[in-house]
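In what follows, a structure is listed as structure tokens, so that the remarks can point back to it.
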Amino acid sequence: MAAPGTEEIGVIVVHGIGEQGRFQHLDGEIHQLVRALMDLFPSGKVTVDISSAGAGAFFAVQDSWTAGSQPSARIVIQHDLNGSLQESRLMIHEVWWADVNERYSLAKQFRFWLWGLGVWAHPGKTGSALEGAKEMQLPRSPRGSWSKARVGLFLAGVFFVLVGYSLGALFFVITRLLNLQMPDMLRTLTNYISGVKLYNQKRRLGPGFPSASEDFLDTVGEPPRVSIRRRMVRSIADVACRTVPYDRWYVLAHSLGSVVAFNGLMETAYAWPGYLDEERWRLLRTNGFIKCAPPPHPGTTMPRRPVWADPAEMVDRQKIFARFCGLLTYGSPLEKFAAIWPAMVPISKDAVFDAEWINLYDPID
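Okay, so the sequence shown: first residue is 3 according to my numbering, each after it adds one.
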């Protein structure tokens, strides 16, 4: 625990769809956090510390930040609390998954437009054959949300066809006639929104026709969303299971990142070993975050359980989330997923935390 008069708060930041590089989204979020804290504590002091990597490339353009189990940045605020000086330290961790998205190619663009135009008619995912599904329950959407979501996706598809191709053709003409460098609208749109498509795919595809599977090494034979979820679950383990625990911790998730965060927070105890490496699992065992019990569902799990995990071992979710205090989502598509693909955002029946959930949205979200 932190010394008297101080508190350490863990913060997990999850980015949404896009092509952001490592720490790019985190940098923007920290800027916003610092400005908000300065407004909230006008008479206080705010300091930002960046944890740089142990080594940088020779003649590198800039130094890199720390990645891994340790926080990449720290915001320190000294402020008045009921007449006493309080020091709060926000320890910022990033869940970065943009690299899981497929490389841009003509084949990717072709597949994306076929998917985008027909996604409104895709069959809904309302069940799972995995044994762990018995420990989950499907979200209940308001009456009419299923048809409303599909109509919205249909209209969005029509809009992007009319606007996207029209602007693409216009920019092409301007580039040819005026020799001006215009943005590639179709490529930008494809790479930006294809994160949603990737989260629904059964496999990650390469750039050619026909496209061969390009699995990440840690998810061979499994959907690419498993690799994305792995980043989230590992970050939860790093923040929640420290030898010297944070006083409390929170999750800030943007856009599709809110689905990633929700999946991580709801994942079943028995599936956790498949997301972690052996070193993290040993650390959880040493710090008392693992319990042994008869396997609740010894059948198929996704991801596959590693060979080094004892069949009777699983995480103790009660202890994992003992200090979890809040979830902030913004621009979240969880409602769309709950209406059309509810089995992709199931809710755990194991109610182990009572945290505040704040969802910021715009009427056009």
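Glycine included, each C-beta is placed from N, C-alpha and C at the ideal position.
Quick caveat, the model's predicted, so the values are computed rather than measured.
The beta carbon of Asp318 lies closer than 8 Å to those of Ala271, Gly290, Phe291, Ile292 and Lys293 in the same chain, with the five residues before and after it left out.
The Cβ-Cβ distance between Gln22 and Ala109 does not fall below 9 Å. The C-beta distance from Arg206 to Ser196 rounds to 11 Å, too long to meet the 8 Å contact threshold. Annotation: Val262 is outside any beta strand (DSSP E); the continuous alpha helix (DSSP H) that includes it extends over Gly259 to Met268. Remark: fewer than three beta-carbon pairs, one from each stretch, lie closer than 8 Å, so the segment 124 to 136 and the segment 87 to 106 are not flagged as touching. Annotation for Trp148: Gly126, Ala341 and Ile342 place their beta carbon closer than 8 Å to its own, counting only its chain and skipping 5 residues before and after. Contact check for Ser260 against Pro335 passes: the beta carbons are separated by less than 9 Å. About 31 Å separates the beta carbons of Ser213 and Met268, which is beyond the 8 Å limit, so they are not a contact pair.
Residues of the same chain with a CB within less than 6 Å of the CB of Arg152, apart from the 5 flanking positions on each side, are Trp122 in chain order. In the DSSP assignment, Ser229 falls within the unbroken alpha helix (DSSP H) covering Pro226 to Ala242. For Thr245, no beta strand (DSSP E) encloses it, and the DSSP letter there is neither H nor E.
For Gly12, the enclosing beta strand (DSSP E) has its first and last residue at Thr8 to Val16. Between Ser168 and Tyr106, the alpha-carbon positions lie close to 21 Å from each other.
If you compare the alpha carbons of Leu278, Trp251, Phe323 and Ile322 with that of Val309, the shortest gap goes to Leu278.
Straight-line spacing of the CA atoms in Val246 and Thr288 works out to 13 Å. In the DSSP assignment, Leu329 falls outside any alpha helix (DSSP H) and lies within the beta strand (DSSP E) extending over Phe326 to Tyr332.
In this structure, Leu119 lies away from Gly146, with their beta-carbon atoms at least 9 Å apart.
Where Val50 is concerned, the enclosing beta strand (DSSP E) starts and stops at Lys47 to Ile52. Counting other Cβ atoms within 10 Å of its Cβ, Val235 reaches 16 or more and is therefore classed as buried. Assignment of beta-bridge partners to Ile77 by DSSP yields Val50 and Leu92.
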